[in-house]
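Enquirer:
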Amino acid sequence: MTLENITLIIGSLLILLGLWGLITQKNLIKIVISFTLVDAGIHILMISLGYLKNRTAPIVDSTIDNAVEQIVDPIPQAMVLTAIVIGLGITALMLSFVIRLAKDKNSLNVSNFKDLKW
Amino acid sequence: MIKKLIFLALIAGVGYMFWTGLAEYKAAESLNRISSYYAQDGLKEVGAANLVTAVVVTYRGLDTLGEVSILFLTASILGFFLVSGKEPKIPLQDSSEILKTASKLLEPIILLFGIYVFINGHLTPGGGFQGGAILASALILAYLANPNEGINKSIFRITESISGVVFVIIGILGIVLAGGFLDNRLIPVGSIGDLISAGIIPIIYIFVGMKVGAELSSIVTNLKHSPKNNVE
Numbered sequence: 881m882t883l884e885n886i887t888l889i890i891g892s893l894l895i896l897l898g899l900w901g902l903i904t905q906k907n908l909i910k911i912v913i914s915f916t917l918v919d920a921g922i923h924i925l926m927i928s929l930g931y932l933k934n935r936t937a938p939i940v941d942s943t944i945d946n947a948v949e950q951i952v953d954p955i956p957q958a959m960v961l962t963a964i965v966i967g968l969g970i971t972a973l974m975l976s977f978v979i980r981l982a983k984d985k986n987s988l989n990v991s992n993f994k995d996l997k998w
Numbered sequence: 086m087i088k089k090l091i092f093l094a095l096i097a098g099v100g101y102m103f104w105t106g107l108a109e110y111k112a113a114e115s116l117n118r119i120s121s122y123y124a125q126d127g128l129k130e131v132g133a134a135n136l137v138t139a140v141v142v143t144y145r146g147l148d149t150l151g152e153v154s155i156l157f158l159t160a161s162i163l164g165f166f167l168v169s170g171k172e173p174k175i176p177l178q179d180s181s182e183i184l185k186t187a188s189k190l191l192e193p194i195i196l197l198f199g200i201y202v203f204i205n206g207h208l209t210p211g212g213g214f215q216g217g218a219i220l221a222s223a224l225i226l227a228y229l230a231n232p233n234e235g236i237n238k239s240i241f242r243i244t245e246s247i248s249g250v251v252f253v254i255i256g257i258l259g260i261v262l263a264g265g266f267l268d269n270r271l272i273p274v275g276s277i278g279d280l281i282s283a284g285i286i287p288i289i290y291i292f293v294g295m296k297v298g299a300e301l302s303s304i305v306t307n308l309k310h311s312p313k314n315n316v317e
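Below, the structure written as structure tokens:
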């Protein structure tokens, strides 16, 4: 069991936990929280996939002479930086939808919203 | 009950999918071609000690522009959705003396730290997005300490618009004066590790930090002023 395997398992477990919450929870806020769990799990997975054995962060300072041999992949980290910001935007939007829905129906239970159900 | 079992089986199936993909995973031994190009030539080309910043701001600068646009869109839609009507303003309970005093002490330090994080984005972990988020967290502390005081939202709008326009203008100047859109060699690259190095990256990150800080602040402000109701 190596470091990257541990982080990959943690990331997958977070994704599964979030999926479980998305399917089973009735409270709208809890659904949003489950979504953010999936989000965090995917970020951990992506960072772990960019890891290389025995290497350090992609920040070049005096301790690094040959960057190609010593740093981990910077591209997944840059992508996760983007993904975090997008995830934050989506979470904020979902919360604003929840506020509007709660105002209209005076409830946070997803079972009470049947307008599009058939 | 049977429903829960079906869900559990579904989750177990997805978990098995992950397991087969990841159980035998071994980390790669060397960087792939693009990454080793960034690690080798990126240092000389961009001059940023933090290679993640080099990728985010220079090599993938257009994506970053799209990213801040998405944040802007989010802030706008939130303002549109949560526009408060003529609801009577219910005064909130005043916060404690401890929180008020501590926030006076902490707010300037948090703001300073946020500015430090985005000015040093090309040298240390951090950058415009992280710094902007720290700036917005100072505002959340201010709201917690003085829940009944409002802040004029037009400050955020103006800061955000100016930063966004400057970001795009810097990008277009890159086409005219240097190699392409958002090229960082607009001004000399300098030596790696100095505060004033990496060409245009620190300047872009200052504006990104201000823009993200203003956007997150306006999101927080809109959520705070959203219409109140009695949900049980």
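The listed protein sequences correspond, in order, to chains X and P. Here the numbering used here is used: the first residue of the first sequence is 881, the next is one more, and so on. Here the numbering used here is used: the first residue of the second sequence is 86, the next is one more, and so on. Think of the CB as a built atom: it goes at the ideal place given N, C-alpha and C, for glycine as much as any other residue. Just so you know, these numbers come straight off a predicted model, no measurement behind them.
Enumerated in chain order, which unbroken segments of the alpha helix (DSSP H) with a length of 4 residues or greater are wholly contained in the stretch 204-230 of chain P?
Expert: Counting whole runs of 4 or more residues, the stretch 204-230 of chain P contains the alpha helix (DSSP H) stretches 213-230.
Enquirer: Since V918 (chain X) and G898 (chain X) should fall inside the 8 Å C-beta cutoff, what is the C-beta to C-beta distance between them, to a whole number of angstroms?
Expert: Correct: roughly 3 Å between the Cβ atoms.
Enquirer: Return the chain-ordered list of same chain residues with a C-beta closer than 7 Å to the C-beta of L258 (chain P), the five sequence neighbours on each side being excluded.
Expert: Here the set comprises L271.
Enquirer: Answer yes or no: do G298 (chain P) and G217 (chain P) have a C-beta to C-beta separation smaller than 8 Å?
Expert: It is a contact, given that the beta carbons lie within the stated cut-off.
Enquirer: For chain X, check one thing: does any of its Cβ atoms lie closer than 8 Å to the Cβ of Y123 (chain P)?
Expert: Chain X contact via Cβ: present.
Enquirer: Which residues in chain P sit within 8 Å of N885 (chain X), going by Cβ to Cβ distance?
Expert: Residues of chain P passing the Cβ test: L107, A108 and Y110.
Enquirer: Which runs of the alpha helix (DSSP H) fall wholly inside the stretch 258-315 of chain P and span at least 4 residues, in chain order?
Expert: Counting only runs of 4 or more, we get 286-309.
Enquirer: Counting contacts by CB-CB distance shorter than 8 Å, is L896 (chain X) in contact with chain P?
Expert: Cβ-Cβ to chain P under 8 Å: yes for L896 (chain X).
Enquirer: Whole-angstrom Cβ separation of A947 (chain X) and Q125 (chain P), contact assumed at under 8 Å?
Expert: Rounded, the Cβ-Cβ distance is 7 Å, consistent with contact.
Enquirer: Report yes or no: is there a C-beta of chain P within less than 8 Å of the C-beta of T936 (chain X)?
Expert: Not closer than 8 Å to any Cβ of chain P, the Cβ of T936 (chain X) fails to qualify, so no.
Enquirer: Please classify L908 (chain X): is it buried, with 16 or more other beta-carbons within 10 angstroms of its beta-carbon, or exposed?
Expert: Counting Cβ neighbours within 10 Å, L908 (chain X) comes out buried, since at least 16 surround it.
Enquirer: Would you report the Cα separation of F198 (chain P) and I286 (chain P), rounded to the nearest angstrom?
Expert: Their Cα atoms are separated by approximately 19 Å.
Enquirer: At 4 residues or longer, and completely inside the stretch 116-178 of chain P: list those alpha helix (DSSP H) runs for me, N to C.
Expert: Within the stretch 116-178 of chain P, the complete alpha helix (DSSP H) runs of at least 4 residues are 118-131 and 146-166.
Enquirer: Measuring alpha carbon to alpha carbon, tell me which of X:N992, X:I889, X:R980 and X:L988 ends up nearest I922 (chain X).
Expert: It is X:I889.
Enquirer: Where does I255 (chain P) land, buried or exposed, given buried means 16+ other C-beta within 10 angstroms?
Expert: Its Cβ being crowded by 16 or more others within 10 Å, I255 (chain P) is buried.
Enquirer: With P938 (chain X) and P954 (chain X) assumed to form a contact (beta carbons below 8 Å), what rounded beta-carbon distance in angstroms separates them?
Expert: Contact holds; Cβ gap of about 4 Å.
Enquirer: Cβ closer than 7 Å: which chain X residues qualify as neighbours of I119 (chain P)?
Expert: Per Cβ cutoff of 7 Å: I955.
Enquirer: CB S248 (chain P) to CB F292 (chain P), shorter than 8 Å?
Expert: Yes, they are a contact pair.
Enquirer: Please list the partners that E114 (chain P) has in chain X, where partner means a Cβ-to-Cβ separation under 9 Å.
Expert: What E114 (chain P) touches in chain X: L932 and K933.
Enquirer: If we call anything under 8 Å between Cβ atoms a contact, is V141 (chain P) one with L961 (chain X)?
Expert: It is a contact, given that the beta carbons lie within the stated cut-off.
Enquirer: Count the other CB atoms, across all protein chains shown, that sit within 10 Å of the CB of N989 (chain X); report buried if there are 16 or more and exposed otherwise.
Expert: Its Cβ having fewer than 16 others within 10 Å, N989 (chain X) is exposed.
Enquirer: Hey, does D268 (chain P) have any beta-carbon neighbour from chain X nearer than 8 Å?
Expert: So no, D268 (chain P) is outside the interface.
Enquirer: Spell out whether any CB of chain P is found under 8 Å from the CB atom of S892 (chain X).
Expert: Yes, S892 (chain X) counts as interfacial toward chain P.
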